[in-house]
Amino acid sequence: MKTIVRERYGSAEVLELKDIPVPHVGAGEVLVRVAAAGLGRGVWHLMRGRPYLARLAYGIRKPKNAQLGLELAGTVARVGEGVVGFAPGDRVFGFARGAFAEYAAARADKLAHLPEGIPFEVAAAVPDSGVTALQALRDHGRVRPGERVLVLGASGGVGTFAVPLAKHFGATVTGAASAAKLDLVRELGADDVRDYAETDLGGPYDLVLAVGGSLPLGQLRRLLAERGTLVIVGGESRTMMRRLLGAALKAPFVRRRRIVTLVASENRRDLATLLGLLSAGALRPTLDSVRPITRLPEAMRDLEAGRVCGKVILEVAPPSAAAPHSHSPAHTAPRTAPADPSAGP
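Take the sequence shown: its position 157, counted from the start at 1, is 157 in the numbering used here, and no numbers get skipped.
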C-alpha cells in the first residue's frame, strides 16, 4: 500500500510517499481502508518532533514509527480477533496511527460507525479536534449555561469546534483570531469577536480556552473571573511550553481560579456524542480544503504558516469511495486569509 512517511524529524521536506506492507490486524483491532484523513496541529508536532520532551515517547533521534496521521474515515476491510460490532464494508471514523495511508489499523474502541448521509471528508475532520474541544469545554472547563467563554485560536482546528460547542452548552462566546478570519468566527456562532492585534480581549470570563496565540500565563489568568477556569491545549512554542510548565507549578496554589492542561482521551463515546450533534445539524466542521494525499507537504506548509482555517482533509481513496457531496454538513473556510500563526491546533 502507499503511505506518507518521515524517517527523520524536520519540515515538510522530510515527507515521502512510499510503498509498504498492509498493516497486520491484531486482537481488538480493525483494518480500515482509508477514504479521508484529517490534518491537524498534532500531526505537525509529530513531523517536527516538538515539543522536544515528546521525543522521549516517539523517538529521541528519529521517529520510532515513520508513518503519520491521527484521524480517519473509511470502510472496514478486516476485523481482528475479539472484535464485535464491526464487519467488512462498514463505514467508520475515528482515531488511528498512520492514517495517511491506503490502509490503517485502529483499535476498535477508538472507532464509531458513520451513517451514509455524512461524507468521509467531513467525518475525518472530527476525531482529533472535535474530541479535544468537547473534553476541554465539558470535562475540564465544566462550562454551564449563561457562562462567558473566551476561545483563543477560534479559527483553528480545535477552535472551530469549540465555538459552536460552547454555544450548544448555552455559553456566551467570544472568539479571538486574526482580523482576516473574524468573519469565519462570527459564522461559527460567536457572540463577540476579538482581533489578536487588539490589547483588549474583554472579560472577565468564566472559562478561557487557550488553543492559540502567545499570551503569557499571567495575562491569561487576568482574563478570568474570580472563580474562572483556564484550559490550555497544545504547546509547540517556547511561550506555550512556559504556559504549560507554569500551569503545572501554580495549579496547586491557585484556590479560586483553576488552571488545567489538557491531553485529550481518544474514545468511542465522545465520537458518538459529536456524531449526534453533526447528524442533528448542531455542529458543522470547518473544512479549509480537501486535497489529494500527495499534496500533504504543501498542506503542512500552509498549516505551519498559519494559512489554514479549520481542518485540511487529505483524500486517500478514489472519489468513488467517498459519500456524495450533495449533503455536506460542513463550513467551507475562506481561502483568502493571510498567514495567521495564532490560529492554533
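Heads up, the beta-carbon is just placed ideally off N, CA and C, and yes, glycines get one too.
What you are looking at is a predicted structure, and each value in this text was computed from that prediction instead of being measured.
By the CB criterion at 7 Å, Val32 and Ala106 fall inside the cutoff.
Annotated as distal: Val83 and Leu111, with beta-carbon spacing of 7 Å or more. The beta strand (DSSP E) runs lying completely inside the region 201 to 234 and spanning 3 residues or more are 205 to 210, 224 to 233, given in chain order. The continuous beta strand (DSSP E) containing Pro292 extends over residues 286 to 292. DSSP, read as helix, strand or coil, puts Lys62 in coil. Short of 6 Å from the beta carbon of Ala162, and not among the five residues preceding or following it, lie these beta carbons of its own chain, in chain order: Ala133, Val151, Leu209. Contact between Gly80 and Glu29 holds: CB atoms are separated by about 4 Å, below the 8 Å threshold. Distance from the CA atom of Arg222 to the CA atom of Pro204, rounded to whole angstroms, is 8 Å. For secondary structure counted as the alpha helix (DSSP H) over 4 or more consecutive residues, the region 81 to 164 holds these complete runs in sequence order: 120 to 123, 127 to 134. With respect to Ala124, Ile4 sits apart: the two C-beta atoms are not nearer than 7 Å. Around the beta-carbon of Thr229, 16 or more other beta-carbon atoms lie within 10 Å, marking it buried. When the Cα atoms are used, Met47 and Leu217 turn out to be separated by approximately 27 Å. The count of Cβ pairs closer than 8 Å, one atom from the region 159 to 174 and one from the region 269 to 288, reaches three, so the stretches are in contact.
Under the rule that a run must span 3 or more residues, the beta strand (DSSP E) segments found entirely inside the region 24 to 71 read 29 to 39. Excluding residues up to 5 positions away in sequence, Asp109, Lys110, Val131 lie with their Cβ nearer than 8 Å to the Cβ of Asn267 in the same chain.
Straight through space, the alpha carbons of Val149 and Val263 are spaced by roughly 20 Å. Between Leu17 and Lys2, the beta carbon gap of about 6 Å places them in contact (Cβ cut-off 8 Å).
The C-beta distance from Gly42 to Asp128 rounds to 6 Å, short enough to fall under 8 Å. Per DSSP, reduced to three states, the secondary structure at Asp191 is coil, with no helix or strand assignment. Per the coordinates, the alpha-carbon of Arg186 lies some 42 Å from the alpha-carbon of Ile60.
DSSP, read as helix, strand or coil, puts Val260 in strand. About 6 Å separates the CB atoms of Val211 and Gly159; that is less than 8 Å, so the two are in contact. For Thr199, no alpha helix (DSSP H) segment is defined, and its DSSP state is neither H nor E. A direct Cα-Cα distance of roughly 13 Å separates Ala104 from Asn65.
Ala36 and Val316 do touch by the CB rule: their CB atoms are close to 6 Å apart, below 8 Å.
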